[in-house]
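Here the numbering used here is used: the first residue of the sequence shown is 6, the next is one more, and so on.
In this text, a Cβ means the ideal position worked out from N, Cα and C, and glycines have one as well.
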Amino acid sequence: MFSHRREASTGNQDAFRGHRAVPRFPVEPPRTRLPSDQIEGIFKHRIFPAYRDGLARSTSNRQPMALFIIGQPGSGKSSVEGPLLTNLGYPKLSSLDGDDLYVYHPSYESFAGKDDIHATQACDPDVDQWSGMLFNHAVYSRASFVLHFSPCPGVDERMEALKRQGYRVEVAFVAVNDNISRQGIVDRYFAARSEKGYGRWVDLEVHDNLYPAVPRLAGLVNQKKCADAAYVVVRGGEIVHRQHIKSDGNWSYTPRGIATVINDVRERKWTPGQAKDFLDRQERIGDWAGRTRSPLPDLPDKVYEIGIHANPMIKSAFTPSIQIPATVRTSVAARIRPSGSSGIVPQSNPYNYEYAAPRIPDQQRKQHTRLV
6 MFSHRREAST GNQDAFRGHR AVPRFPVEPP RTRLPSDQIE GIFKHRIFPA
56 YRDGLARSTS NRQPMALFII GQPGSGKSSV EGPLLTNLGY PKLSSLDGDD
106 LYVYHPSYES FAGKDDIHAT QACDPDVDQW SGMLFNHAVY SRASFVLHFS
156 PCPGVDERME ALKRQGYRVE VAFVAVNDNI SRQGIVDRYF AARSEKGYGR
206 WVDLEVHDNL YPAVPRLAGL VNQKKCADAA YVVVRGGEIV HRQHIKSDGN
256 WSYTPRGIAT VINDVRERKW TPGQAKDFLD RQERIGDWAG RTRSPLPDLP
306 DKVYEIGIHA NPMIKSAFTP SIQIPATVRT SVAARIRPSG SSGIVPQSNP
356 YNYEYAAPRI PDQQRKQHTR LV
């Protein structure tokens, strides 16, 4: 019944590998492989019915569209999708995010309950097959859809393949500072553990390798013109830059290119409100870290490092016109600091963020809100 998915000219299951994020841990875990008939059965009876309506074969002559959303892990690709489609004036499209398919694996919940750091990799071979089957069915049906990608090799080639199939290809790059996306990985992990008992982890080294790959891929898209339109978006789905291919075959915007825009947006100075949100999120993560046991023994150190790494952005957010009191709270980084750190900020220097972040009293929080 579904044999055409393996023959779709845009690629087979292996070609779809990389649609999801790259492996999330530097050490390969043991992997499972379900029998082929079980793979087919789960897709036919569980996965395909969930996507059937959105991927129904198009009966119109309208050109199908594929929208790529690209960003490093933790950048908020999933949360950007809905607002972005609204801002572009597009209807809701089927989201072919392979990360959504783990729940269909019969062993995933059991694996995650024992070791949620490696559970996704253990199920990757089977999820990769379902991802490829779903993608190929979408192309066969001429359906429009959204794809979520980390900046893996071959993404530009997938865009070109879809264009050869008659698709309109658009790409949105999520421009998020690395401090925020690193924190986003940990925040998402603990939020899921708090709700379900297990989370989905992306190793921070993988994040750091993919962070510079986003503007590199943007430069490649700019050079090869493998998309019909390109956008730079921020969390919340706001479009801060857009360009398209004109009738003469050239980009409508050429002065600097997409990669430069991404880097500029990433390095924007934080507002006091953004800095406060970051500190509040760190505190929430610290509370979770203190209550939750994780297979990662060095996770408290990782949380501490995230806070320390963000200190320059936090300090620059508070201008001299906003007086920060010398009374400080011990930050999450300090409360779960590595051994040997005092966690005390010298009272003579409230801008010393080496171990702790300043507490903003409620009255001044209101002032900050008005300034943002």
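- In this structure, DSSP gives S112 a state outside helix and strand, which the three-state scheme calls coil.
- Here the segment 66–83 lies against the segment 211–219, with 3 or more beta-carbon pairs under 8 angstroms apart.
- The beta-carbon separation of A143 and L90, rounded to 16 angstroms, does not stay under the 8 angstroms limit for a contact.
- Taking the Cα of D105 as reference, the smallest distance to any Cα among P158, S83 and G291 is reached at S83.
- Taking every protein chain shown into account, the CB of S146 has 16 or more other CB atoms within 10 angstroms, so this residue is buried.
- Straight-line measurement puts the Cα of S257 at about 12 angstroms from the Cα of I263.
- Our two residues, P54 and F140, have alpha carbons roughly 14 angstroms apart in a direct line.
- The Cβ-Cβ distance between Y216 and G118 does not fall below 9 angstroms.
- According to DSSP, residue pairing for E243 in a beta bridge does not occur.
- With contact defined as three or more Cβ pairs closer than 8 angstroms, the segment 127–135 and the segment 155–168 are not in contact.
- By the Cβ-count criterion, P300 is exposed, with fewer than 16 other Cβ atoms from all chains shown falling within 10 Å of its own Cβ.
- In the pairwise beta carbon analysis, the segment 225–238 is classified as touching the segment 162–180: at least three pairs are separated by under 8 angstroms.
- Here P305 is buried, its C-beta having at least 16 other C-beta atoms within 10 Å.
- Within the segment 29–98, the runs of alpha helix (DSSP H) that reach at least 4 residues and sit entirely inside it are, in chain order, 41–47, 53–56 and 82–93.
- For I74 and Y236, the gap between their C-alpha atoms comes out near 9 angstroms.
- By the neighbour-count criterion, in which a residue is buried when 16 or more other Cβ atoms sit within 10 angstroms of its Cβ, Q134 is buried.
- For A234, the three-state secondary structure derived from DSSP is strand.
- Only residues of its own chain outside the window of five on either side were considered, and among them D161 have a CB closer than 6 angstroms to the CB of L225, listed in chain order.
- Under DSSP, W256 takes part in a beta bridge, and its partners are I250.
- For R173, the uninterrupted beta strand (DSSP E) run begins and ends at R173 to V179, by DSSP.
- Ranked by Cα distance from P69, the first of S99, Y172 and V151 is Y172.
- Residue pairing for F154: DSSP places it in a beta bridge opposite I75.
- S100 carries a strand assignment under DSSP once its states are collapsed to helix, strand and coil.
- The count of Cβ pairs closer than 8 angstroms, one atom from the segment 273–287 and one from the segment 244–258, stays below three, leaving the stretches out of contact.
- Your pair V239 and A180 checks out as a contact, with CB atoms roughly 6 angstroms apart and the cut at 8 angstroms.
- Secondary structure note for K274: it is in no alpha helix (DSSP H), with a DSSP letter that is neither H nor E.
- D208 sits away from R286, with the two beta carbons spaced by 9 angstroms or more.
- Between H123 and W206, the alpha-carbon positions lie close to 8 angstroms from each other.
- Taken atom to atom, the span from the alpha-carbon of R198 to that of R298 is near 10 angstroms.
- Boundaries of the alpha helix (DSSP H) harbouring W135: A124 to Y145, taken from the DSSP string.
- By the 16-neighbour rule on beta-carbons within 10 angstroms, V108 is exposed.
- DSSP, reduced to helix, strand and coil, places T297 outside both helices and strands of the structure shown, so it counts as coil.
- Rounded to the nearest angstrom, the gap between the Cα atoms of V245 and T265 is 13 angstroms.
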